[in-house]
Structure formats: C-alpha cells, structure tokens
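A.B. asks: Encoded as structure tokens, here's the structure I'll be asking about.
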Amino acid sequence: MSTAAADPAIRIDSAPAPGGSALADLRRMAGAAPALARRHGWDYLRELGHGNRQDQLHALFSQGAAPQHLDGALEGLIVGKLFGIPEAYLANPLLKINPTWRGKTFDADAGTGFNRLAPIAALVMSVIAPGYRGLRRVDTEMEGFHFDHSIDTAAVAPFIKVRALDYGVERYRNPSVRTFPIKRTRDEIVELLPGLYLGRALLTMPSGEIRLIAYFALRDFSDERAVTA
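Below, the structure written as structure tokens:
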C-alpha cells in the first residue's frame, strides 16, 4: 500500500526543472495513471541499474520519503550490481544468470517481514549459507531471511527518514557468514511514487564501517483481474 499521494515529504513539482526530471514527470503521471507511472518508473530504475548509474540512484533515493504503511507482498528487482565488497566479483555473474530474489512481504501491524526467493535458492543457500535453516517452500517460492521494520533515520548519507529493515534480530537466526552476511545487513527503503519504492542495502563491516553495497526496487503488484467493466 502506498503513501506518496498523501505524504508532504514527497516533493511533486508543478513544473519540470531545467533539463527535465524523469522522477518529476513520473510523479505528475501518477496523479492520473498510477499503475502506468509505476511501470515506467520500474523500467527507469532498471535502466539506471544496467548503466551502473549510482549517482542517479543516490539522487533518486534522496528525493524519496519513508513509506508509512508497507503491507503485503511486493515485487522485487535488484538494481544494478553489488559493489563495495570483495565478494561482489563472484556474486555479480551469478546474479546476472539468476538473481533468485523475487521480492519482500511485509506485515504492517506486526512490523515484521520476510524475503521471497526462487526455488533454486534452496540449493544456492545450502552452499553459501549452509547453517541457515529458515527457508521454507510456499507454493512456487521460498520464504526466509526475516526482518523487523520501522521508520528510522538513514544510517549513511543522505540522512533522511527511511523504512529500515533489521536482519540482526536473534530469533530469526539469519546467517552472518562471509559469503552471505545478511545478519549484518540493513535495508533502507523510500517511496518514489505511489507503490514504487527504491531501497539500498548497507553492510556493517568487521571494522564497524557501514558500507553501501547495493540498490533494489520494490513495487505493488498490478492485477488486471481487479479491473471491472
């Protein structure tokens, strides 16, 4: 469920800035055609990821607002490559073949959630995180890597309000091995448009440094069956 339309923190310009802003145009489009704007925004984020435009992703993230009410299943997209860690050179070729990650599911009332992955993730995780027992098969997906979520101030610049995901909760027993240190990972999410979200993954290094290692996107599912004549 989106909050952008009612959130004054999301700036919707009445006129485009010199040179044009795709985000400003998408926000104007969202007023009349939110599903179409969401789809175009998704393609735009994918394009920026393919071009490794981390500067543009940073700029977009800084213009987002903390989602006030995330609930239910959202579709996921890894935006670009992993970066900033030695393991990226091994992970990126595999992600290009099959990213395995399908998205996230949120429980707004409980402040909890989990990730959804392709079935092949069960085999992959047995190799890179052999001690993890939290994956379970539900229909055509695997569910696991649970988290708690809440509104917080971003841990690295820009220091805006975000929806922060905490994987370090002990009861979830998330792995912290070098090949998959999700227990030391914090996801931060902002809403760009109604139902379109940009996220980033931050990893706490052994030295205590918090390092940005990836961007991702989430969006509400579009269901054409909901349209009535």
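Taking the working numbering as reference, the numbering of the sequence shown is continuous, increasing by one, and the terminal residue is 229. Glycine included, every Cβ here is placed at the ideal spot set by N, Cα and C.
(1) Counting only the same chain and skipping the five closest in sequence on each side, list residues whose C-beta sits under 7 Å from that of Y89.
(2) So what's R38 in DSSP terms, helix, strand or just coil?
(3) Which residues bound the alpha helix (DSSP H) around V127?
(4) Tell me which residues share the same chain as E209 and place their Cβ nearer than 6 Å to its Cβ, disregarding the 5 neighbours each side in the sequence.
(5) Pick from L57, D43 and E47: whose alpha carbon is nearest that of L212?
(6) Please report the straight-line C-alpha distance between G111 and S150, rounded to a whole angstrom.
(7) Any idea what DSSP makes of Y167, helix, strand or coil?
(8) Which complete beta strand (DSSP E) runs does the region 159-203 hold, if anything under 3 residues is left out?
(9) Mind checking P130: buried by the 16 CB within 10 Å criterion, or exposed?
(10) Three or more C-beta pairs closer than 8 Å, one from the region 120-128 and one from the region 154-165: is that the case here?
(11) Assign P34 to buried or exposed, taking buried as 16 or more other Cβ atoms, counted over all protein chains shown, within 10 Å of its Cβ.
C.D. replies: According to the structure data:
(1) Note that Y89 scores 49 on pLDDT, short of 50, meaning its location in the model is unreliable; the coordinates nonetheless yield the value given after this. Nothing listed; no residue qualifies.
(2) helix
(3) A121 to I128
(4) none
(5) L57
(6) 7 Å
(7) coil
(8) 161-166 and 185-193
(9) exposed
(10) no
(11) buried
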